[in-house]
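The opening residue of the sequence shown carries number 17 in the working numbering; numbering runs sequentially from there.
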Amino acid sequence: MLAGVAIFCSSCDSLILYNPNEVIFDKDERNLNAKNIERIQQIPITDTLQFILMGDTQRWYDESADFVKSANNQKDVAFVIHAGDISDFGIGQELKWVNDIMKKLKYPYVTVIGNHDIVANGPANYRKMYGPMNYSFEYGNNKFVFINTNSREYAFDGSVPDIAWLKSQLADNPSNKNIIVIGHVPPYDGDFDKNLEKDFADLLGSNPNVNMSLYGHKHSFNDGEFYNDGVHYFVTTNVGARGYMMVKVWKGGYKVDRIEF
């Protein structure tokens with residue numbers, strides 16, 4: 017842990033401790049997921065929803081800026097999902113730099129926390145800037161469930177992902193909306209708690225409203241029906257590889273395209 021810098025006040029006997037790692041978030045940099053969800057829910061609903069899945073911005077700031085240019089040239093996009101690893105070291109300033117780039121999007125963007133975002137005081141920084149690590153929202157005929165799946169950073173202690181919370185979110189769907197589950201680490205990856213993999217996959221596979229689930233982390237495009245249960249898992253590549261996924265969903269179907277920029 018970095019020690020704070022001690023500063024003595026010459027006119028008094030008080031001691032001020034200053035942490036050089038501390039970053040103050042401005043008011044317009046706080047609770048961004050909730051603010052952007054409000055923007056999303058104001059968008060007129062159509063039969064087909066189109067959104068972008070991207071992720072792993074980390075230190076690829078120039079490539080992230082190029083992503084924004086590419087995304088802004090797409091048509092009929094409602095919003096962007098950032099699949100985690102916003103930062104490289106969980107530092108607040110990294111989140112600020114990426115947000116400065118992402119706010120140039122023509123569309124709202126929402127995030128899920130990645131394993132690099134959990135380094136050091138990353139969870140506190142993420143909560144300040146984006147909000148809870150597990151959350152959900154509804155838009156049109158769809159429910160989006162965002163869940164922390166970064167098990168390794170919790171020493172595979174059985175707490176991440178939060179299976180009980182996920183179960184409650186999947187059950188809370190009285191209108192039988194399509195449910196799309198978003199995480200950073202896919203359940204078949206070695207960084208996902210193997211003791212929780214079956215419970216996680218079974219929850220998705222046993223729910224008739226879950227047909228797809230979205231992730232980042234692997235730094236390459238990847239997709240498949242890995243549990244033979246009707247749920248298709250999609251993983252987007254990192255921004256450094258200059259790619260993202262365009263996702264279209266409608267009642268009874270979906271289509272996912274890989275985009276390079």
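A virtual CB, placed ideally from N, CA and C, is assigned to each residue, including glycine.
Bear in mind that the values here come from a model prediction, so they are computed numbers and not experimental data.
**Study point:** Residue closest to GLY206, alpha-carbon to alpha-carbon, out of ASP104, ASN131 and ALA94
**Key:** ASN131
**Study point:** MET228 beta carbon less than 8 Å from that of TYR170
**Key:** no
Practice item. Please determine, among LYS234, ASN211, ILE56 and TYR125, the residue with the shortest C-alpha to C-alpha distance to GLU45. Key: TYR125
Point to revise | Bounding residues of the beta strand (DSSP E) (the contiguous stretch that carries GLN109) | key: No beta strand (DSSP E) holds GLN109; the alpha helix (DSSP H) holding it covers 108-118.
Review point. Which of the three DSSP states, helix, strand or coil, is assigned to MET5?
Key: In the structure as shown, the chain starts at 17 and stops at 277, and residue 5 therefore has no counterpart that could be examined.
**Study point:** Endpoints, alpha helix (DSSP H) assigned at TYR142
**Key:** 138-145
Review point. Grouping DSSP H, G and I as helix and E and B as strand, with all else coil, what is ASN158?
Key: strand
Check your understanding: Mapping DSSP to helix, strand and coil, what is ASN167?
Key -> The question names Asn, yet the displayed sequence has Ser at residue 167. Helix at SER167.
**Study point:** the segment 165-185 / the segment 66-86 touching (three or more Cβ pairs under 8 Å)
**Key:** no
Check your understanding: If you draw a straight line from the C-alpha of ASP273 to the C-alpha of ILE68, how long is it?
Key -> 10 Å
Practice item. Decide if LYS214 is buried, meaning its Cβ has at least 16 other Cβ atoms within 10 Å, or exposed. Key: exposed
Practice item. Would you mind giving the Cβ-Cβ distance between PHE242 and TYR249, rounded to the nearest angstrom? I have them listed as a contact below 8 Å. Key: 6 Å
Practice item. Please work out which residues of its chain come closer than 6 Å, Cβ to Cβ, to ASP245, disregarding the five sequence neighbours upstream and downstream, and give them in chain order. Key: GLY221
Practice item. Would you be able to state if there are at least three C-beta pairs under 8 Å between the segment 43-63 and the segment 85-101? Key: yes
Review point. For the beta strand (DSSP E) that contains VAL84, what are its first and last residues?
Key: That residue, VAL84, is in no beta strand (DSSP E); its alpha helix (DSSP H) goes 77-88.
Point to revise | Range of the contiguous beta strand (DSSP E) that encloses LYS122 | key: No beta strand (DSSP E) holds LYS122; DSSP gives it neither H nor E.
Point to revise | Nearest-angstrom Cα separation, counted from ALA187 out to GLU110 | key: 36 Å
Review point. Is the distance from the Cβ of ILE163 to the Cβ of VAL135 below 8 Å?
Key: no
Exercise for review: Have a look at the DSSP bridge pairing and note the partners of LYS271.
Suggested key: LYS264
Review point. So what's ASN194 in DSSP terms, helix, strand or just coil?
Key: strand
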